[in-house]
Amino acid sequence: MSPDGECDESPESERIPDRNRMTRLRRNLSRWYAAHGRELPWRATHDPYRIWISEIMLQQTTVAAVIPYFERFLEQFPTVEVLAAADENEVLRMWEGLGYYSRARNIHRTARQLVAERKGTFPHDAVELQQLPGIGRYTAGAIASFAFDERAPIVEANTLRLYSRLLGYDGDPRSSEGQKLLWRFAEAVLPKANPGRFNQALMELGSTVCTPAAPDCPSCPLRTVCRAFAENRQEEIPRPKPRPKITPVVEASIAVRRGDTYLLRQRRAEERWAGLWDFPRFELGEDQPGHLDRSDEALVPVLHQNLQGPLKELTGIAAEVTAVVTELRHSVTRYRIRLICLEAEYRSGDPTNGDETQQWCRPEDFEELAFSVTGRKLARLLVRRENSGS
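Shown next, in the form of structure tokens:
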């Protein structure tokens, strides 16, 4: 039986709470949210622009990390019109450090499309919102719900976990079957009045109480309607996503110096961190015991020999590797990267001949460009060295 009292023949239909349990769920959650909902900068508005920016930033990123970025971004780009008129480098610079830079490029494209086609106004309908770059089903539902109070369902990381536990669903929540069930529940659970606020409450509960590990079930207002809690399976549900195999790799980044400038290149569309500026960077293979495990002094001639060809091919110049500046460790998707940062002296070639994606740049101008995180670390290290005279 469906929440509306109609017969449903789907095999998972019995998981959806009946009318009485659904009413209790809505009532208990609404009371809890009124008492415990956090005050977040994007919750104090119905402006679709601000809600959209916050939702894109919150993808793959924690609330605590997003807040300062959100505030700085809105100070720089207070309206969709200002964002549309900005240069892409300026947008990427304000996004620097948040990662997943395709999000920034997509919001820039969307802003320009909204201004060009709709005079800066957002569609109210979730289906229409999905036609915009970088706006999927969840983000579209969030904008329609939070900005326009449309009865639009949402399923994201926090509510996926919450719904799976409420329904006691121990299948793969990311499978077609799991997604169909969770989206169906997300639509059925919404009240007719104030659906936007109710969606906020669902996300808040998933984020602060129904956490991935050690959920605070005694404090949960929905524990009496939660199947996972009734069966003591809240630590097992939802089924965890398979962890990817981590591959350790070695890369090299070369700060090529010519006079008082360094060579920078803008990463291409097919490269990681597309559109961001960086020092020429190269993959050296998997990081294995004995592979490039030697002193800095011993590494210099080895890397100089190995990188001459790739440097010439990538940038059009020749340079002499003179020193190891530092090593940085970071992770990207399934790769754990050891980045050897080198300094080199320019010898010949013209990388800027008709190529706007490469330029010689003074250290004092680095802050004007959008860098990758590791590129920024190396840039700031070079600036400190310049300022100290070393």
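So the sequence shown is numbered by my numbering: it starts at 438 and just counts up by one. Where is the CB? At the ideal position from N, CA and C, for every residue including glycine.
Contact fails between the segment 504-520 and the segment 613-621, because fewer than three Cβ pairs, one in each stretch, are under 8 Å apart. Cβ contact annotation for Y575 (same chain, cutoff 7 Å, sequence separation greater than five): I591, V592 and E593, in chain order. Rounded to the nearest whole angstrom, the CA to CA distance from R799 to P675 is 51 Å. The beta carbon of R458 is closer than 6 Å to those of V662 in its chain, skipping five residues each way along the sequence. Annotation: the continuous beta strand (DSSP E) that includes G722 extends over R718 to E723.
In the DSSP secondary-structure assignment, W797 is bridged to L700. Note: L776 is bridge-paired with E688 and L765 in the DSSP secondary-structure output. Here P610 is buried: its Cβ has 16 or more other Cβ atoms, across all protein chains shown, within 10 Å. Linking W797 to S825 through their CA atoms gives a straight-line distance of about 21 Å.
The straight-line gap separating the alpha-carbon atoms of A807 and Q742 is approximately 30 Å. Counting only the Cα atoms, E688 lies some 11 Å from H767. Just so you know, the alpha carbons of G534 and A541 end up roughly 11 Å apart. CA-CA distance, G746 to E720, rounds to 13 Å. For the 9 Å CB-CB criterion, I504 and P485 do not form a contact. In terms of Cα proximity to K678, the closest of F716, P649 and L604 is P649.
Contact annotation, E782 with T752: C-beta distance approximately 14 Å; criterion of less than 8 Å not satisfied. In this structure, the beta-carbon distance from P632 to D586 falls below 9 Å. Ranked by Cα distance from E805, the options F510, T698, E527 and R680 are led by E527. Shown here, T759 sits in a strand according to DSSP, grouped into three states. Membership of D733 in the alpha helix (DSSP H) is indicated by the continuous run D733 to T752.
Looking at the backbone, the Cα of T547 and that of L627 are separated by about 28 Å. In this structure, the straight-line span from the alpha carbon of L700 to that of Q568 is close to 39 Å. For W710, there is no enclosing alpha helix (DSSP H), as DSSP marks it with neither H nor E.
Closest in C-alpha terms to S809, from the list S601, A711 and K617, comes A711.
If you check the CB distance, F666 and R602 come in under 9 Å. Beta-bridge partners assigned by DSSP to Y783: A756. For P738, the number of other beta carbons within 10 angstroms of its own is below 16, and it is reported as exposed. Secondary structure of R676 (DSSP, three-state): coil.
If you look at I504, you'll find it in the alpha helix (DSSP H) that goes V500 to Q513. Taking the CA atoms as reference points, C647 sits about 16 Å from V500. In the DSSP assignment, F666 falls within the alpha helix (DSSP H) that extends over R664 to A667.
Straight-line measurement puts the Cα of Y537 at about 13 Å from the Cα of A706. For the 9 Å CB-CB criterion, F583 and L466 do not form a contact. If you keep only unbroken alpha helix (DSSP H) runs of at least 4 residues inside the segment 533-605, you get 539-555, 563-566, 574-585 and 594-604.
Per DSSP, P632 is one residue of the alpha helix (DSSP H) stretching across P632 to T645. Apart from the 5 residues on each side of it in sequence, T684 sits with its Cβ closer than 8 Å to the Cβ of E723, R771, Y772 and R773 in its chain, given in chain order.
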